[in-house]
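Step one of this worksheet: look at the structure below.
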Amino acid sequence: MTDIRSLMPGASPADETLPHEPPGNVPPDEKAAGAGAAAAAEPPGAGNTGNVSGAGKSGGAGNVGGSVSGDNRAQTHLGNGDIKNIVNLIDLAKKRVRRPEAISGATLRELSGVFVRPTGFADAAEKIEKHRLVLLSGSPGDGIHAAAWMLVAGAGGARAGTERIERIPADVEADDEPDIPQKALDDQARYLLDLSELMPSRSEELAKRLEALRDVVAGSARYLAVILPADSVRWLPAELRRLVPEMSRPDWRAVLQSHLAVSMQPSAQPDLATIVKIIEKSADLADLGAATLYQVSRVAVASAKLLGMRPGAALPDCLRLAWREVKRQDSDYGKEIDCLLENDRTGMNALLLITAAMLEDADRDLVFVAQRELARAGEFRLPDDHALTRPGFLARLGEIGVVRDEQRPIRFEKTGFGVAARHYAWDNYPTLRPAFLDWAERLPSPPGIFWPNDVLTRFAERFTEESLRSDRADDALDLAYHWIGRRRVAAIPACLGLLTKGLEEGAEGTGGRKFRQRIRAWSEDHRLDAYLARMCIELSGKIIYDIYPFQALTRLHNFAAHENPQVASAAIDAVETLASADRDNYRYVLGRSVRAPYAVRGSTGNAEVFLRLVSASRLYARDAVGWRPVDDPECGELFRGGWILVLEADAPPSKETIGLVHLWLDDVVQAVGRGPTILPDLLVDALRERFDLLSSLRAILGRWVDRPLGDPMAPDQAAVRTYLLDRIDKELFGEDVGLRPPSSPGDTQPSPAAGREEQR
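In terms of the working numbering, the sequence shown opens at residue 1 and continues consecutively.
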């Protein structure tokens, strides 16, 4: 088997680094705090607001420890090196993608220094003070995010901009019962929930969630601001509409003056009247009023920087230059690409542009062969399939804006042109989207050409990004499924990058709803490819769990029933680790193992999950506040139901079930000492209404795991099994123990004397 360590990708650079942003994955909070808090009115990533979050749990899935018994029809054997490096690759992928994080107090203090209050802000502040909840609705670029932050930060008499604010997840499922806000909202906390990307079709779900949130924060020390999609207020019930204040966009000229004031020396700071005069006299600044407030803030910061770099420069000139540069940076190059492809009758330039954009930073030879694969997938009519038909490949690259130099990795002359070209292809050629998927599935090809893993990983991440933009998340998921099935271990790095990107992207930066749904569907397929299953287990424990803990536990529990013993063992280890970390997780997994949904019903993996959760060492262990599962009445009922399920699902008992019961009793002895305890009693109490199961348990207690039924009972130094046999016999044959037949402990058939006694 190929050693996956030889296939591990290096840390790949970001696709694009805009001139006005520092290179690397700099958290947007730090960007906003620097450069005069340029993000005050509309912070970086306001459209992709997932770079701040909160209330997420941290935890990780355990590595493979043992194995589970059961059906061994696994087609794939996973080596320890493969498993270890899957985990390492996921950790690398997480580092390449910005994780959600809380808004820092420093950023909020910077924001408070330049924040311009919109009309209606006082009404909004009154509502959040009175109801602990305020609902805001507005168009992107109107400063609604900044207003929400400042409302929550200043609530309760707090000093504006000094409180730490966290986001709560924007997307929940039924698996997250109880509702995640009830778990996430701590006392004396401030939270922000951004639902601005929610689909209009989910208006009923939105109303129900807002009502639940209102009940959670009412009468508490919590404060919450919710950002709603534009035009969604009319769908809300009347009692919720009362929580929506009338707010308008702040004066953009005041925003410009505020940012200039904090970015310039005090002696040079212009007042608002001066700013108004400059704008009225300059035709080049006339369209600045239609810009987003984030663009306005960037113009102010860039103008102040130009004034510092050019002594004697005039403020109007610096404003014009800064606005021109901001427009250039934010341009999608759509018109330029239209002109570039206007006379492209054969489609060959469009073909090359799409290929170069998807393989930016790759070797140009790979671009050459990949364009021919795209032509075949899209059924382009090539003039001739011979490589010499159209010579001058480098010249053709230059025609589409690729830098012509001695460097083999291709790059575009204009910053952001590759991103714009990818957007252009998916937006303007909707009928070719299935062909793009077919093309991606063909790669890497043709045979004999080496494709580095970092190239394929970047390709997969870019394909995922465009698929999500065009609401075709299934294309990216199908690509991962196809690659892992065709390329096996060699596809792991690229598939990890793809799945990680999908789980992180979307609304709130943690969207990935369709990715989570597909992983759930995969978890219910007990024959799923072992490599793909292992990746899903690690992604569930390391990424999904951070934001949606119950959803992660659901998927991990389903994987516990996988046919591959190593996959099932890894899932069981992960479930046990995460369930032991939190009492709510413990109750959820315990209850799910007892209910035994269809995906795990009757599986040995589900039985082992239950038996691990009810091990004596865990039942008697106290958490930080002194809680023990053995003292919890709710858990006690689940223990009884679980034992009935375990013995009923495996009748007559198999060697695996016999071994699990003996291990559980041995754990009792080690954890609580010698002699009878509450746990053996609980075991008999759970079955006292089921004589058939009591008989099965008696047979289990009276035999070795790997010997015939008639062999003597295993050594019982702590007398736990002997005690249980006595209790079972009392339940089966009455209180008079003398009526118990003098047969071997493994024989459950009553003696003739006992039969005559029953007849009397």
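Think of the CB as a built atom: it goes at the ideal place given N, C-alpha and C, for glycine as much as any other residue.
What separation, rounded to the nearest whole angstrom, lies between the Cα atoms of residue i and residue j?
i: glutamate 399; j: leucine 341; result: 10 Å
i: threonine 464; j: aspartate 338; result: 24 Å
i: arginine 367; j: isoleucine 410; result: Here residue 367 is valine; the residue named in the question, arginine, does not match the sequence. Between valine 367 and isoleucine 410, the C-alpha separation is close to 9 Å.
i: isoleucine 543; j: leucine 496; result: 12 Å
i: glutamate 413; j: valine 589; result: 54 Å
i: leucine 319; j: arginine 364; result: 40 Å
i: glutamate 360; j: valine 116; result: 41 Å
i: leucine 256; j: methionine 150; result: 18 Å
i: alanine 621; j: leucine 477; result: 41 Å
i: serine 615; j: arginine 690; result: 23 Å
i: arginine 164; j: valine 152; result: 9 Å
i: threonine 415; j: tryptophan 483; result: 31 Å
i: arginine 488; j: proline 447; result: 16 Å
i: glutamate 504; j: histidine 662; result: 44 Å
i: lysine 130; j: aspartate 584; result: 31 Å
i: glutamate 373; j: glutamate 461; result: 19 Å
i: glutamate 205; j: valine 233; result: 13 Å
i: alanine 425; j: isoleucine 354; result: 7 Å
i: proline 434; j: leucine 307; result: 51 Å
i: leucine 432; j: glutamate 325; result: 34 Å
i: valine 594; j: alanine 375; result: 54 Å
i: serine 303; j: aspartate 317; result: 9 Å
Just mark residue i as buried or exposed, buried being the case when its beta carbon has 16 or more other beta carbons within 10 Å.
i: aspartate 231; result: exposed
i: leucine 528; result: buried
i: proline 237; result: exposed
i: asparagine 343; result: exposed
i: glutamate 246; result: exposed
i: tyrosine 333; result: buried
i: glycine 485; result: exposed
i: leucine 394; result: exposed
i: glycine 141; result: buried
i: aspartate 573; result: buried
i: isoleucine 449; result: exposed
Measuring alpha carbon to alpha carbon, tell me which residue in the options is nearest residue i.
i: leucine 135; options: Leu108, Val116, Glu239, Glu204; result: Glu239
i: arginine 640; options: Leu611, Arg372, Asp365; result: Leu611
i: leucine 321; options: Asp123, Asp284, Ile354, Asp332; result: Asp284
i: arginine 241; options: Tyr223, Arg214, Ala221; result: Arg214
i: phenylalanine 436; options: Tyr481, Ala377, Phe459, Arg469; result: Ala377
i: alanine 579; options: Leu647, Thr457, Lys501, Pro549; result: Pro549
i: leucine 260; options: Asn349, Phe121, Gly113; result: Gly113
i: glutamine 407; options: Ala362, Pro493, Tyr429, Ala273; result: Ala362
i: leucine 443; options: Ile700, Ala494, Leu553; result: Ala494
i: tryptophan 522; options: Leu724, Leu353, His557; result: His557
i: arginine 721; options: Ile700, Glu731, Phe733, Leu732; result: Ile700
i: valine 630; options: Ser603, Arg601, Leu683, Gly605; result: Leu683
i: arginine 109; options: Gly154, Tyr481, Pro140, Ala599; result: Gly154
i: leucine 293; options: Ile519, Asp194, Ala147, Ile168; result: Ala147
i: leucine 133; options: Ala560, Leu725, Arg324, Val217; result: Val217
i: glutamate 648; options: Glu637, Asp632, Leu694, Arg618; result: Leu694
i: tyrosine 545; options: Asn564, Thr577, Glu524; result: Thr577
Let me know the secondary structure DSSP gives residue i once reduced to three states.
i: alanine 314; result: coil
i: tyrosine 191; result: strand
i: arginine 487; result: helix
i: glutamate 166; result: strand
i: isoleucine 809; result: The structure shown does not extend to residue 809, since the chain is modelled only from 1 through 760, so no value can be given for it.
i: phenylalanine 380; result: coil
i: aspartate 529; result: coil
i: phenylalanine 412; result: strand
i: aspartate 363; result: strand
i: valine 625; result: coil
i: valine 244; result: coil
i: leucine 198; result: coil
i: leucine 556; result: helix
Since residue i contacts residue j with CB under 8 Å, what's their CB separation in whole angstroms?
i: isoleucine 279; j: arginine 253; result: 6 Å
i: histidine 562; j: alanine 533; result: 6 Å
i: serine 263; j: alanine 300; result: 6 Å
i: arginine 555; j: serine 569; result: Going by Cβ atoms, the distance from arginine 555 to serine 569 rounds to 16 Å, so no, they are not a contact pair.
i: valine 609; j: valine 567; result: In fact, because the Cβ distance is near 14 Å, the residues do not count as touching under 8 Å.
i: isoleucine 144; j: tyrosine 223; result: That belief does not hold up - the Cβ atoms of isoleucine 144 and tyrosine 223 are roughly 17 Å apart, past 8 Å.
i: glycine 502; j: leucine 456; result: Actually they are not in contact, since the Cβ atoms of glycine 502 and leucine 456 sit about 16 Å apart, beyond 8 Å.
Shorter than 7 Å, the distance from the beta carbon of residue i to the closest heavy atom of the ligand SAM, or not?
i: valine 262; result: What this structure holds is no ligand at all, so the ligand SAM is not there to describe.
Chain C beta carbons: is any one of them nearer than 8 Å to that of residue i?
i: proline 237; result: Protein chain content of the structure displayed is limited to a single chain, and chain C is not contained in it.
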